[in-house]
Amino acid sequence: MKAGKLFWLLIVLAGACVFSLLSGPAGLSVPSIIFDIRLPRTAAAVIVGAGLGLSGAIFQSLLKNPLSDPYILGTSSGATAAAVLCLSLGVARGSLVFYIMVFAGAFSATFISYGVARSARNLSEAGLVLSGIVVGSFITALVMLFLSLSKERSFSMLYFVMGGIYSAEPELLAISAFIVLGVLLASFFSWRRLDLFSLGEEKAYHLGASPARARLVFFALASAATAAAVAIGGTIGFVGLMAPHIIRLACGASNKTLLPASALGGAAFLTLADTLGRTVAAPTEIPSGVITALIGAPFFLWLLWKSSRGRV
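Residue 23 is where the sequence shown starts when you use my numbering, and the numbers rise one by one after that.
Have a look at this one:
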């Protein structure tokens with residue numbers, strides 16, 4: 023039954039990709055446009071969406087918090103800050119140093135958000151979200167201050183901070199795809215351990231898990247998936263919030279199905295969002311990060327309202 027639902031998600035993703043490849047201004051659906059421009063962009067949307075959907079599913083299960091998301095927790099902001107720093111220093115996108123720095127930024131921001139909430143003895147849904155918003159906002163403010171003072175390449179980096187799917191080199195796509203796939207496999211083979219966190223840390227400990235060590239590992243996995251996504255698309259919010267929630271309603275809460283399904287759902291959602299942003303106001307493009315925020319922000323408020331009444 024679960025495999026059948028994954029199959030239908032693959033069909034939805036395939037349909038989204040075909041729609042993306044064939045959508046555009048009249049007269050521009052020639053093979054050269056499709057294969058040279060739209061295909062790499064569609065591949066980028068799939069990889070970024072899969073990475074964000076996967077990391078969101080990991081965070082929500084690990085923290086037992088339905089409002090967790092790499093954007094809300096500040097993970098994406100930390101990765102973006104590291105990416106902007108690398109680009110300003112002339113580090114090539116796709117290089118080993120670039121990915122290490124972006125991962126370090128994502129992991130550090132996540133750990134700081136969690137640490138702030140934990141030190142305040144407020145690991146509730148609202149407390150963790152507030153901690154992530156504060157940390158993410160502070161990091162974003164530092165990045166914007168840096169870009170305001172920078173005279174070179176600030177405009178192109180500003181687009182990166184805004185978040186969007188544009189052209190990406192094949193090497194960058196391949197490396198990010200490899201990282202997302204690696205995170206998916208590693209987390210999938212640990213789905214039972216991740217499921218234990220839904221019972222609470224104390225029960226997980228009594229059932230043989232080591233919460234502190236497992237939390238560190240899953241933080242690293244979610245940060246790696248987020249870093250791979252940010253390396254291509256910059257800061258794109260709410261994909262990691264929406265995809266796991268919608269998938270959980272259809273496929274259940276077990277991470278055996280939730281993890282791969284969230285990756286597929288995130289990929290399909292971002293592909294459609296990017297296609298919408300590219301075509302709805304053509305020839306002007308709306309960044310896909312804007313589209314996901316317009317959809318995701320009301321969704322987040324709805325979840326927050328349900329959470330306050332204990333319905334999530």
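Backbone N, C-alpha and C fix where the C-beta goes; we use that ideal spot for every residue, glycine too. In this text the structure is predicted, and so the values were computed from the model without any measurement.
Query	Result
Distance between Ser284 and Phe22 (C-alpha atoms, nearest Å)	Outside the displayed span of the chain (23 to 334) sits residue 22, for which this structure offers no information.
Beta-carbon proximity of Thr102 to Thr257, cut-off 8 Å	yes
Minimum length 4: unbroken alpha helix (DSSP H) runs contained in the segment 24-87	24-44, 61-84
Residue from Leu292, Trp213, Ile313, Thr132 with nearest C-alpha to Ser42	Leu292
Buried versus exposed, by CB contacts within 10 Å (16 or more), Tyr181	exposed
Touching by the beta-carbon criterion (3+ pairs, under 8 Å), the segment 259-279 and the segment 232-241	no
Distance between Phe81 and Leu316 (C-alpha atoms, nearest Å)	22 Å
Beta-carbon contacts of Gly46 that lie in its chain and below 8 Å, excluding the five residues immediately before and after	Ile55, Arg60, Arg300, Thr301, Ala304
Cα-Cα separation, Leu298 to Gly116	27 Å
Contact between the segment 180-200 and the segment 246-256 (3+ Cβ pairs under 8 Å)	yes
Continuous alpha helix (DSSP H) stretch holding Ile187: start and end	Segment: none, Ile187 is in no alpha helix (DSSP H) and carries neither H nor E.
Residue closest to Phe241, alpha-carbon to alpha-carbon, out of Tyr121, Ser141, Ala79, Tyr188	Ala79
Where Arg115 falls: helix, strand or coil (DSSP)	coil
Minimum C-alpha distance to Leu109 - residue among Pro92, Ala67, Val165	Val165
Nearest to Ala310 (by Cα), restricted to the options Ala66, Leu243, Lys27	The displayed chain sequence assigns Ser, not Ala, to residue 310. For the residues Ala66, Leu243, Lys27, the minimum Cα distance to Ser310 belongs to Ala66.
Simplified DSSP assignment, three categories, for Ile161	helix
Candidates Gly127, Leu150, Ala114: closest to Val138 by CA position	Leu150
The ligand COA heavy atom lying under 7 Å from the CB of Val312	Ligands in the displayed structure: none, and consequently the ligand COA is not present.
Pro92, buried or exposed, once every other Cβ within 10 Å from all chains shown has been counted against 16	buried
Separation of Glu191 from Val34, as counted between CA atoms	26 Å
Nearest-angstrom Cα separation, counted from Ala114 out to Met23	Bear in mind that a pLDDT of 46 at Met23, under 50, signals an unreliable position, so the number given afterwards is only what the model happens to contain. Cα to Cα, the separation comes out at about 45 Å.
Residue closest to Val106, alpha-carbon to alpha-carbon, out of Val68, Val124, Ala246, Gly287	Val124
For Leu95 and Thr132, believed in contact at Cβ under 8 Å, the rounded distance	6 Å
Collapsed DSSP secondary structure at Tyr20 in the structure displayed	An answer regarding residue 20 cannot be provided, because it is not within the stretch 23 to 334 covered by the chain.
Completely contained alpha helix (DSSP H) runs for the segment 189-220, where each covers 4 or more residues	192-210, 213-218
Supposed close pair Trp213, Leu281 - CB separation, criterion 8 Å	6 Å
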